[in-house]
Amino acid sequence: MDDQAKSLLSLRHSAAHILAQAVLELFPGTKLGFGPAIADGFYYDFQLPRALSPDDLPAIEARMRAIIAGKHPFTREELSIDAARAQFADQPFKLDQVEALARGEMGEHGEAAAQPAARVSIYAHDQFVDLCRGPHVANTGAVPASALKLLSIAGAYWRGSEKNPQLTRVYGTVWQSKQELDEYLWRLEEAKKRDHRKLGQQLGLFYFSDEVGPGLPLFAPKGEIVRYLMEDYVRETQTRYGYQHVWTGHMVKEDLYKKSGHYDNYIDAMFPPMVDEEVVYRLKPMNCPSHMTLYNEIGKHSYRDLPLRFAEFATLYRYEKRGELTGLTRVRALTQDDCHVFCTEDQIESEFTLALKLVREVLNTYNFTDYKVRLSLRGDQGKYVKDDEKWDKATKALKSAMDANGVDYFVAEGEAAFYGPKADFIAKDVLGREWQLSTIQVDFIQPARLGCEYIAEDGTPRTPVLIHRAVTGSTERFLGVLIEQFAGAFPVWLAPVQALIVPIADRHNEYAQYVAAQLREQKFRVEVDARNERMNAKIRDATLQKIPYILVVGDKEEAAQAAAVRLRTGEDLKAMPLEQFIAMARRVVDAKSLELK
RNA sequence: GCCCUCGUGGCUCAGGUGGUAGAGCACUUCUUUGGUAAAGAAGAGGUCAUGAGUUCAAGUCUCAUCGAGGGCUCCA
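Quick note, the first sequence lines up with residues 114 to 710 if you use my numbering.
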């Protein structure tokens, strides 16, 4: 972390303390939770005597400014555990944290510390004392009041657990200067403009309807073609990499999920059952059990058949909780570009490498470079299947495959699937929220549960290892992130309408249709804007729709069998013969280029 | 699911302290046939998310339900 980042951190953390003092003064009896600095700001969690509304924020902010004006120095002090207990006797959450520190835990989620704490540090300014690691600025006056703003109010569970009381979280931001604050707020506004939900509607890609239900997107023609092209591209690439596609439908008997273990782990996230006399069915929330069943039905497998790679573009239905739904990035009907690779233990590394190559190729095509890779491992507690030996084996296999491929990853304990560790590719949306896209997972557990086998070289039956893998994750989520990444201006190969023909006057309509026919003949997606509008209006509308090419045709173009080509960027390529335009566009599309010419 | 906020014609939004709805864009029709980011005119379109309640009277107040947004939790 550089000095700049460090000083911002202590600035924001100090602002959090000032916020806490202000709230404590305005709402006596408030109990304090955690109040850290975060990316772009800070927050503080409170248990308040009454519900807080955004209308309260100006008063709190005013109080904060007064504390800042007081230029109270921040002072650090160390206390013994007992002294800390006395200090925070009327602050139950602080007390809870003192005990956690004494037990040798640290942080909000109780990560293990090097050793139990014998002493804790507190920071004080003015009338306010907080249990805190620091650091802080010298005095409250060092926080620029003009660069401070409280942003929002949210609920947040103590220590992040649903089982604990819910506190009120106040989010705020502070910067070194008012100018930086303004720039930040401006960035937020700009980001909202490229929000995929807004652009999806403006570009006519997809809609949500109360009539159909929450989290169930409806794709208009322009959205469907993008979906189709995305999936077609992954399908083509998968085929090229030696994956085979299968189809396993939308419903499955519930019993299968009891066998696989999904019933115990994810029953809450499945849609309610459909009951047909004695038999209970579920909408498919995942493919693995279906693919393993298919593997079994096909017959006996020889080790010579492995690896066997079953890919499927299946729409899955997951009963996400109401408050979790978000545009296309979190839906109840999602189309996964899923795949299950049945292989031997010896093949794990090469199969991982193959999947990784595929993922990288696809992400690269979309110019997706801003992602990180998380190695998700099992945590101490929870849903994980107990079989240490197999977990160790799977984790080792995954790690060595990542290392062999030079993948730069970070480790996250407690993020694994119940059946094994995974490598997740995580990207951010315009508002900074992180979403898992691609994933590669090693599974030593499920194949045995569903009785998958292959006959080994020595003639004995063995259980294959299963590698779960998704390239873009889900079409819906990836599309959402793509829309934001391109701000709606898709590369030509993905653009719903690649070229719009604009006849200048009615007498050019016929030629415009001719041009359109020529281009359609060459498999381009084109439209003719024959509305009774002036050319300027048509160009404006096409540009706002981010159509890559605008082909204006008038008398001159008709005479020359040409079109005047304008790019959505505003660049005018002037008139060119149709063949020349076709050749240019062909080259751009075939290369899946991000350029327009 | 939980905390907070919001829900007015297809879209973007007006509608102080309650008295039965407005604009721009889009749409339809007409005029205009115009050379690189919005031609002009007329018209049609809303039981103000839904359901109760308070009131002589509710888009405007109360409650509930549904939906959306921000956050938390969860994410095979």
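Where is the CB? At the ideal position from N, CA and C, for every residue including glycine.
Quantities reported herein were computed from a predicted structural model and do not represent experimental measurements.
Coarse secondary structure for residue 609, derived from DSSP in three states: coil
Taking the continuous beta strand (DSSP E) assigned at residue 126, which residues delimit it? Here residue 126 belongs to no beta strand (DSSP E); instead the alpha helix (DSSP H) covers 116-139.
Does residue 163 pass the burial test, meaning 16 or more other C-beta atoms within 10 Å, or should it be called exposed? exposed
Spatial neighbours of residue 699 in its chain, beta-carbon cut-off 8 Å, leaving aside the 5 residues before and after: Cβ within range, chain order: 635.
Where does residue 159 sit, in a helix, a strand or coil, going by DSSP? DSSP places residue 159 in strand when its eight states are reduced to three.
Report buried or exposed for residue 400, applying the criterion of at least 16 other Cβ atoms within 10 angstroms of its Cβ. buried
Should residue 332 be labelled buried (16 or more other beta-carbon atoms within 10 Å of its own) or exposed? buried
DSSP beta-bridge partners of residue 234: 191
Test item: CB-CB of residue 529 and residue 490 under 7 Å: yes
Which of the three DSSP states is assigned to residue 342 in this structure? Of the three classes helix, strand and coil, the one that applies to residue 342 here is helix, per DSSP.
According to the neighbour-count rule (16 or more other Cβ atoms, all chains shown, within 10 Å of its Cβ), is residue 657 buried or exposed? exposed
Cutting at 7 Å between CB atoms, please list the residues of its own chain near residue 139, excluding the five before and the five after it. 172, 173 and 176
Confirm, please, whether the CB-CB distance from residue 454 to residue 402 is below 7 Å. no
Output the boundary residues of the alpha helix (DSSP H) element that contains residue 652. Where residue 652 is concerned, the enclosing alpha helix (DSSP H) stretches over 648-657.
Report the three-state DSSP secondary structure of residue 395 (helix, strand or coil). strand
Assuming residue 234 and residue 260 form a contact by the criterion Cβ under 8 Å, report the distance between their Cβ atoms to the nearest whole angstrom. Contact flag wrong, Cβ pair sits at about 27 Å.
Note down the Cα distance separating residue 688 from residue 449, rounded to an integer number of angstroms. 44 Å
My parser needs the beta strand (DSSP E) runs of 3 or more residues fully inside the region 525-595; what are they? 535-541, 547-556 and 578-587
Compute the beta-carbon to beta-carbon distance between residue 328 and residue 433, rounded to the nearest angstrom, for a pair I have assumed lies under 8 Å. 6 Å
Taking the alpha carbon of residue 512 as the reference point, which residue from 626, 581 and 465 has its own alpha carbon closest? 465
Decide if residue 497 is buried, meaning its Cβ has at least 16 other Cβ atoms within 10 Å, or exposed. buried
Limits of the unbroken alpha helix (DSSP H) element including residue 274: Secondary structure note for residue 274: it is in no alpha helix (DSSP H), with a DSSP letter that is neither H nor E.
Can you tell me which of the three DSSP states residue 431 falls into? coil
Selection from 437, 413, 238 and 145 that minimises the alpha carbon distance to residue 546: 437
Would you report the Cα separation of residue 161 and residue 168, rounded to the nearest angstrom? 15 Å
By Cβ distance below 8 Å, which residues in the same chain neighbour residue 622 in space, the five residues on each side in sequence not counted? 616, 641 and 643
Report the start-end ranges of each beta strand (DSSP E) in the region 462-530 that is 3 residues or longer and not cut off at the edges. Given a length threshold of 3 residues, each whole run of the beta strand (DSSP E) inside the region 462-530 is given here in chain order: 484-490 and 522-526.
Look up residue 309 in the DSSP assignment and say whether it is helix, strand or coil. helix
Could you say which of 266, 240 and 214 lies nearest to residue 170 if we only look at CA atoms? Comparing alpha carbon positions, the residue from 266, 240 and 214 closest to residue 170 is 266.
Is the beta carbon of residue 523 less than 7 Å from the beta carbon of residue 487? yes
Is residue 444 helix, strand or coil by DSSP? Looking at residue 444 - three-state DSSP - the assignment turns out to be coil, as it is neither helix nor strand.
Under three-state DSSP, which class holds residue 228? coil
Which one of 592, 185 and 232 has the shortest CA to CA distance from residue 309? 592
Would the region 280-297 count as touching the region 312-320 if we require 3 or more Cβ pairs under 8 Å? no
Any contact of the region 274-289 with the region 114-126, i.e. 3+ C-beta pairs under 8 Å? yes
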